[in-house]
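Once you know that position 159 of the sequence shown is 159 in the UniProt record's numbering, the rest is easy, because the numbers rise by one and skip nothing.
From the three backbone atoms N, C-alpha and C, an ideal C-beta is built for every residue, glycine too.
Let me begin by presenting the structure, written as structure tokens, before commenting on it.
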Amino acid sequence: MALQSTEGAKAEKILLPRGIATVDAFRMIGRSVLRHVVGNEAAVRELNPDGVHQMRIGLRRLRASIAAFGELLQDEETARLKRELKWLTSRLGPARDLHLLELRIKRQRGAGRAELVAEIAARRARAFVGAKAAVQSLRYRTLLHDVQHWIEAGAWSARPALKPAHRQAAEFAADVVERRARRVMRKAERLLDLDVEKRHRLRISAKKLYYAIGFFETLFEGRKTGDRLAAFQSTLKELLDRLGALNDLAVQQKLARSVAAPNGKRAGVDAHEPAPGDRVKIEHLLQSAASTGAELASAKRFWD
């Protein structure tokens, strides 16, 4: 095995060839995404924040591929691996979230921040050690071995559960993307009417759609189709960036509450309410997300 970089490794572009069968497309995607996960092991062991971030993305992409190929992957082994992938994701999440909170608090001005920064830094350090322990564990090694075997020769492959029309990846991909895109576009069009929980579900759906497009994009052929796909993908990414920023603020507020004193205040910070600057930022992000959502809802379809 090639030496791994201690820096975060980004995902490689997936190039599915014309005429590929759906089963083979899944295997190509699975191998690529698994390489993305494994490629960040060394960086996580070195407590590198970008490595933790990239491994989390790899795990999300792997889970998104399972969701995209749900018609194909109908077996108990897949269900078990989904639970194990969720476990690993949960071991990496706190490190990433506390790292972002520490950076944010350090950027803020005001007296009495030292105690808060010190406590967040201590929790961050423990979380990174926990992430490192996870990728050094037997459970992690077993998971990697099982996922690799599952991709190549899992129980699902004995009798692939696919409709005849979905045996070719191009047709399968078009149906998957269309179904997911229409759902996201419908909700994005009325984003300001959604409460926090519904916006969170929209973000998850939009992320799964974004990853699915990345998996299948080389199957959508033609210059006109390619132009439409690129425009749609760009707008979807903008929406995800805004929804992601809103989610980061919500997570950081929750973490700030967890380190606050019982009376709800520490270091001059009210842990129960967003800071005034955050309220302005949240409103700006909501309006910007709504505008981007409306743009996405009216985007030209590339999957027709």
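Nearest-angstrom Cα separation, counted from residue j out to residue i
i           : j       : result
Ala-206     : Leu-236 : 7 Å
Gly-226     : Thr-22  : 21 Å
Ser-258     : Glu-102 : 14 Å
Arg-56      : Glu-189 : 29 Å
residue 316 : Gln-54  : One cannot answer for residue 316 here, as it falls past the ends of the chain, which runs 1 to 304.
Val-135     : Gln-233 : 32 Å
Thr-142     : Leu-285 : 41 Å
residue 312 : Val-280 : No answer is possible for residue 312: it lies beyond the span of the chain, which begins at 1 and ends at 304.
Ala-131     : Asp-97  : 12 Å
Ala-133     : Leu-81  : 20 Å
Arg-139     : Phe-302 : 42 Å
Ala-161     : Phe-69  : 10 Å
Leu-296     : Met-185 : 6 Å
Ala-212     : Glu-119 : 39 Å
Gly-30      : Leu-194 : 34 Å
Arg-63      : His-99  : 24 Å
Ala-158     : Glu-283 : 52 Å
Glu-76      : Glu-84  : 13 Å
residue 373 : Ala-125 : With the chain running from 1 to 304 in the structure shown, residue 373 is simply not present.
Ala-114     : Gly-8   : 29 Å
Gln-108     : Leu-255 : 16 Å
Ile-20      : Lys-106 : 50 Å
Leu-191     : Ser-65  : 26 Å
Arg-201     : Gln-287 : 18 Å
Sub-8 Å separation of residue i and residue j beta-carbons
i           : j       : result
Ala-289     : Leu-249 : no
Leu-219     : Ala-169 : yes
Leu-73      : Trp-156 : yes
Glu-12      : Arg-27  : no
Thr-89      : Ala-42  : no
Ile-14      : Phe-172 : no
Ala-95      : Val-52  : yes
residue 372 : Arg-223 : The structure shown does not extend to residue 372, since the chain is modelled only from 1 to 304, so the question has no answer here.
Residue closest to residue i, alpha-carbon to alpha-carbon, out of the options
i           : options                               : result
Arg-203     : Ala-169, Glu-238, Phe-215 and Trp-87  : Glu-238
residue 318 : Arg-279, Ala-114, Leu-240 and Val-280 : What is shown of the chain runs 1 to 304, which leaves residue 318 out entirely.
Lys-163     : Val-176, Ile-151, Ser-32 and Glu-152  : Val-176
residue 306 : Val-38, Arg-63 and Arg-45             : Residue 306 is absent from the structure shown; the chain starts at 1 and stops at 304.
Arg-104     : Asp-146, Val-117 and Arg-201          : Val-117
Ser-298     : Arg-182, Asp-24, Glu-71 and Leu-92    : Arg-182
Gln-253     : Ala-231, Asp-278 and Ala-230          : Asp-278
His-149     : Asp-304, Ser-65 and Thr-78            : Thr-78
Val-38      : Ala-153, Val-147, Leu-191 and Glu-217 : Val-147
Lys-10      : Val-251, Arg-61, Ala-165 and Ser-291  : Arg-61
Lys-187     : His-145, Ser-291 and Ser-32           : Ser-291
Val-251     : Val-196, Glu-221 and Glu-152          : Val-196
Arg-91      : Glu-71, Ser-137 and Ala-67            : Ser-137
Pro-49      : Ser-32, Gln-287, Gly-93 and Ala-25    : Gly-93
Under the three-state DSSP convention, the category residue i falls into
i       : result
Gln-233 : helix
Ala-9   : coil
Ala-299 : coil
Ala-161 : coil
Ile-151 : helix
Arg-216 : Strictly speaking, residue 216 in this sequence is Phe, with Arg absent from that position. Three-state result, Phe-216: helix.
Asp-270 : Here Asp-270 scores only 47 on pLDDT, less than 50, and its place in the model should not be relied on; the value that follows carries that caveat. Residue state, collapsed to three classes: strand.
Ile-66  : helix
Leu-16  : coil
Val-251 : helix
Leu-239 : helix
(request) Taking only runs that begin and end inside the segment 75–139, name each unbroken alpha helix (DSSP H) of 4 or more residues, in chain order. (result) Taking only runs of at least 4 residues, the alpha helix (DSSP H) segments lying wholly in the segment 75–139 are 76–107 and 113–135.
(request) Pick out the complete alpha helix (DSSP H) segments inside the segment 18–59, 4 residues or longer, and give them in chain order. (result) 22–38 and 41–45
(request) Mind listing, in chain order, the continuous beta strand (DSSP E) runs of no fewer than 3 residues lying wholly within the segment 164–209? (result) Those beta strand (DSSP E) runs which fall completely within the segment 164–209 and span 3+ residues do not exist here.
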